[in-house]
Structure formats: structure tokens, C-alpha cells
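Here the structure is laid out as C-alpha cells; the discussion comes afterwards.
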Amino acid sequence: VLEEVVTASGAAMTARYEVLDRLAADPMVRWATLGMWAGAVLAGVVGVVSMIASFVIGAARRRQDLGYLRTMGLTSAQATRMTLVEQVPGVTLAVALGLVAGAVTAIAIRPAIDLAPFTGNRATPLTIDWPALALLLVAALALLTATAVIFVLVNRRQDLGQVLRVGDR
53 VLEEVVTASG
63 AAMTARYEVL
73 DRLAADPMVR
83 WATLGMWAGA
93 VLAGVVGVVS
103 MIASFVIGAA
113 RRRQDLGYLR
123 TMGLTSAQAT
133 RMTLVEQVPG
143 VTLAVALGLV
153 AGAVTAIAIR
163 PAIDLAPFTG
173 NRATPLTIDW
183 PALALLLVAA
193 LALLTATAVI
203 FVLVNRRQDL
213 GQVLRVGDR
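Every letter in the sequence shown is one number past the one before it in our numbering, and letter 23, counting from 1, is 75.
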């Protein structure tokens with residue numbers, strides 16, 4: 053009915069969805085979107101590789117310390133528990149706080165984001181995809197678990213006979 057009234061008055065009516073579809077079809081927008089996705093994937097890959105590398109390097113550096121403790125009677129199971137207690141809580145807390153800080157930042161800057169050119173409405177709500185954020189947290193914790201397993205496996209393979217040969221270095 054509204055379209056008939058507008059057409060009868062000689063005006064043109066354009067739905068914002070048509071404008072958004074036209075903007076989404078623009079090559080610059082498509083390439084910018086593709087670039088954002090590529091940047092996100094690259095950042096994720098760098099994050100995963102750096103997390104694994106830090107655990108592997110940390111495990112290699114701690115090998116001698118755990119070797120000394122094992123020569124004093126620390127069992128392999130105790131060494132594993134000690135390693136997990138030292139590493140997992142800090143990284144878990146850092147990942148959770150990082151995700152929460154990102155969500156809070158998005159909520160805090162919402163009033164400064166003017167989406168009116170895209171939506172036609174200054175009061176457009178900024179939504180956070182909480183299930184996706186929870187999935188990201190679960191994925192990060194799964195990665196943390198995998199790297200902790202690597203850490204434990206690297207520290208289990210040590211030659212206790214070489215640990216006390218300090219003078220050879």
C-alpha cells in the first residue's frame with residue numbers, strides 16, 4: 053500500500069535492503085570483506101602457531117629443571133600435574149579475559165559507531181554473537197589442552213643421566 057501511495061505521488065521509493073544489497077555487490081566492499089576474513093584467518097593461524105611454539109620452547113627450557121626434580125624423587129605423574137597447574141590456569145584466564153575485553157570494547161564503543169549511512173537508522177543496535185564467542189573460547193581452550201599435552205610429552209622424554217652432567221656444558 054505504501055509503495056502505491058509513493059508511486060502515485062511521483063516519488064521513488066527504495067528499500068534499505070536494496071541499498072545494502074547494492075553496497076554488498078560493490079567490488080570494493082567484496083574485496084574489503086575478503087581482506088578482513090583473510091586477516092582474521094591469518095591472525096588465527098599466527099596465534100595458534102605462536103601458542104604451540106611457546107609451549108614447545110618453554111617445555112624444552114624446563115626439561116632440565118624437571119630433570120633435577122625427578123632425580124630428587126618427583127614422579128612422572130607429579131611432574132605432569134605440576135606442569136599443568138603452572139601453565140593451564142594462566143593461559144585460560146588470559147584467553148577468557150581477552151574475549152571478554154573484546155566484547156566489552158565492542159559494547160563500549162557502540163555509541164561512537166555511526167551506522168546510519170548503511171542502515172538508515174542512527175539507533176541501530178550492535179549485536180555480539182555470544183554463541184560464536186563461546187565457541188571461540190572452547191576452541192581456544194581445546195588448543196590450550198593440545199599444547200599442554202605437547203608440553204607434557206616433551207618433558208617426559210628426558211635422559212635423567214644427562215641432567216646431572218652440568219660440567220660438560
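Glycine included, each C-beta is placed from N, C-alpha and C at the ideal position.
Treat the numbers as computed from the prediction; the structure is a model and nothing was measured.
Cut-off 6 Å between Cβ atoms - residues of its own chain near residue i, not counting five sequence neighbours on either side
i: residue 88; result: none
i: residue 113; result: none
Beta-carbon contacts of residue i that lie in its chain and below 7 Å, excluding the five residues immediately before and after
i: residue 151; result: 185, 188, 189
Residue nearest to residue i in terms of C-alpha spacing, selected from the options
i: residue 146; options: 120, 67, 193; result: 193
i: residue 159; options: 142, 179, 169; result: 179
i: residue 204; options: 144, 84, 138, 98; result: 138
i: residue 65; options: 72, 71, 55; result: 55
Residue i (DSSP reduced to helix, strand or coil)
i: residue 159; result: helix
i: residue 106; result: helix
i: residue 61; result: coil
i: residue 165; result: coil
i: residue 91; result: helix
i: residue 100; result: helix
i: residue 80; result: helix
i: residue 134; result: helix
Rounded Cβ spacing between residue i and residue j (contact assumed at less than 8 Å)
i: residue 108; j: residue 200; result: At roughly 11 Å, the Cβ-Cβ gap does not stay under 8 Å, so residue 108 and residue 200 are not in contact.
i: residue 196; j: residue 143; result: 5 Å
i: residue 104; j: residue 202; result: 7 Å
Where the alpha helix (DSSP H) through residue i begins and ends
i: residue 178; result: From DSSP, residue 178 is part of no alpha helix (DSSP H); its letter is neither H nor E.
i: residue 77; result: 68 to 77
Neighbourhood of residue i by C-beta, 8 Å cutoff - its chain only, sequence neighbours within 5 removed
i: residue 73; result: none
i: residue 69; result: none
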